[in-house]
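Worksheet for the structure shown next.
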Amino acid sequence: MNNQNIEWKSTWKDNILNTICGMANNQGGKIYIGVDDSGNILGINDFRELLEILPNKIRDAMGIVVNINLLKNKKLEYLEIDVPSYPIAISCKGNYYYRSGSTTQKLTGVELESFILRKRGATWDNVPHPQVSVDDLDLGAIDHFKKLAIRKKRIDSVILEEEPLVLLDKLHLMNNGYLTNAALLLFSKDPERYFTGAFIKVGFFENDADLLYQDEVRGSLFEQIDKAIELIHFKYMKAKISYDGLQRVEQYFVTEESMREAILNAIVHKRYESGVPVQISVYNDKLYISNVGRLPENWTKESLYEKHSSIPYNPNIAHVFYLAGHIESWGRGIEKMCNSCLENNFPLPIYHVNPSDIMIEFDAAKELVIDNYTKNNTENYNITDKMLIILNLLNEDPAYTYNELASKSNMSRKTIAINIKKLKELNYIERISTSKKGYWKIRK
């Protein structure tokens, strides 16, 4: 058995030192020597020698102390290595390891840099960037933030009247006189100039294998939020259109509030040093928002749905979004998403926590899925291809006029009229009101 906190080994091998290092750098854990992968106790014969040499071997390799206990089951002796969690970064012979799920990962490059920063109580978004100045910032984005902050009243209006550099310093976006990573992401004209992958990628999928089209949302983080929501609602998600009397009602299977919260969560918790963009995958009946993130230590997926404090991976970015009124500081984002779903009788969002990313899934309520009509799912097998095209267009928007149907189907207005008449005769559609504000009700 291997998981984040427990590992079974039939015999001692020196590569287990890496696992000990990984556990010490995460939540700690226990390693059992003399136990097979199924949990069967095999016992070990050299336990006396191991009890003597392992403490020194571990101390020399990592400079830490662990508890090694001799356990006995019937006549079989085996060892328990109890590894505590260390608040500082631990290396094994100069290399750093981290326990993630059931694997031990060697940390290098930006992963190692980010890990050491966290262990020192620092954050990546507060790292200074010495080669930029206020001239590299988008003053329009700063003014947009000021307007939002004035309206929300979470910061003294006098501070908002300061010069840009003074304001940024009071927003904790300066470090030793330099703009920080957070400042560049929030307010620079082109964040990708400094950080690879600092954008949102949106794609529409027919199924898991077939990507039909995609877009990339760029600009400062403040711009990306509104741009992404507008793009998804107007290009990627089809609203289910219905009528209350003659009043047109549009309903998406993800509410704007839930969408905004999910995108904000992805932006605030993303590990920008990874170089991977936030990815939004849209299907006919579901939507995924994925970001390269990691749960806070000692959290599980279940912790997300419980009452919890706010522990953003990028606290300085989160603070500015809080002042602008985009997020709360009490860790209520997921609660707000769930409440929005419950209020609209939508399925609750589902979180998928993987070693390298965190993904939230929104599934469409059955009544909001826009399925296409085919000859196989219609009651009348004599229905023609032209009639199916018209039926599917009316399923998309029952208020389409003859001219709109003709334009979208590449048929003539006369052909549309003939096939509409046939659909009425087959009892597939019914006209509600003869006025210009009327619409076609699909009966089957």
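Residue numbers (the numbering used here): 980 to 1423.
Glycine included, every Cβ here is placed at the ideal spot set by N, Cα and C.
Between E986 and I1012, the gap from beta carbon to beta carbon reaches 7 Å or more. D1169 and F1201 have their C-alpha atoms spaced approximately 12 Å apart.
Pairing L1274 with Y1284, the inter-Cα distance amounts to about 13 Å. Taking the Cβ atoms as the reference, S1064 lies roughly 32 Å from N1024, outside the contact range of under 8 Å. With respect to N1398, M1366 sits close: the two C-beta atoms are nearer than 7 Å.
By the neighbour-count criterion, in which 16 or more other beta carbons inside 10 Å mark a residue as buried, F1341 falls on the buried side.
Note: R1078 is bridge-paired with T1083 in the DSSP secondary-structure output. With at least 16 other beta carbons inside 10 angstroms of its own, P1291 counts as buried.
For T998, the CB contacts under 7 Å within the same chain, skipping 5 residues up- and downstream, are E986, I1010 and T1083 in chain order. Annotation note: the stretch 1268-1356 contains the following uninterrupted beta strand (DSSP E) runs of length 3 or greater, listed N- to C-terminal: 1329-1332 and 1337-1342. Fully enclosed alpha helix (DSSP H) runs of no fewer than 4 residues occupy 1118-1131, 1136-1139, 1143-1149 and 1160-1166 of the stretch 1115-1179, in order along the chain.
In its chain, beyond the 5 residues on either side, Y1418 have a beta carbon closer than 6 Å to the beta carbon of A1378. Scanning L1033, R1130 and L1030 for the CA closest to the CA of G1304 turns up R1130.
The C-beta of W1103 has 16 or more other C-beta atoms within 10 Å across all chains shown, which makes the residue buried. Only buried fits L1058, as 16 or more other CB atoms lie within 10 angstroms of its CB. Sequence-distant partners of L1096 (beyond 5 residues in either direction) whose C-beta falls short of 7 Å from its own C-beta, in its chain, are T1102 and W1103. Residue pairing from DSSP leaves L1029 without any beta-bridge partner.
In this structure, the CA atom of S1335 is about 45 Å from the CA atom of I1369. In the three-state reduction of the DSSP assignment, N1019 falls in the coil class. Measuring C-alpha to C-alpha distances from N1361 to each of C1320, V1106 and E1404 identifies E1404 as the nearest. Beta-bridge annotation (DSSP): Q1203 is not paired with any residue.
Within its own chain, the residues whose Cβ lies closer than 6 Å to the Cβ of Y1075, once the five positions on either side in sequence are excluded, are L1086 and L1091, listed in chain order. DSSP places V1113 in the helix class (H, G or I) of the three-state scheme. Within the same chain, and ignoring the five residues on either side of Y1231 in sequence, the residues whose Cβ sits closer than 7 Å to its Cβ are H1212, M1216 and A1218. If you draw a straight line from the Cα of G1182 to the Cα of M1238, it comes to about 15 Å. Taking G1156 as reference, the option from L1165, L1144, E1028 and F1166 with the minimal CA-CA separation is L1144.
Counting along the chain, K1400 sits inside the alpha helix (DSSP H) bounded by residues R1392 to E1404. A residue is called buried once 16 or more other Cβ atoms fall within 10 Å of its Cβ, and R1078 is buried on that count.
By the Cβ test, the stretch 1105-1122 is not in contact with the stretch 1032-1039, since fewer than three Cβ pairs between them sit closer than 8 Å.
Below 8 Å, too few C-beta pairs join the stretch 1131-1141 and the stretch 1176-1196 to call them touching: fewer than three.
Contact between V1062 and G1008 holds, since their C-beta atoms are separated by about 5 Å, short of 8 Å.
Only buried fits Y1251, as 16 or more other CB atoms lie within 10 angstroms of its CB. The beta carbons of V1299 and L1384 sit no closer together than 7 Å. Spatial neighbours of S989 in its own chain (CB-CB distance under 6 Å, excluding positions within 5 residues in sequence) are listed in chain order as D1015 and L1021. G1001 is not bridged by DSSP to any residue.
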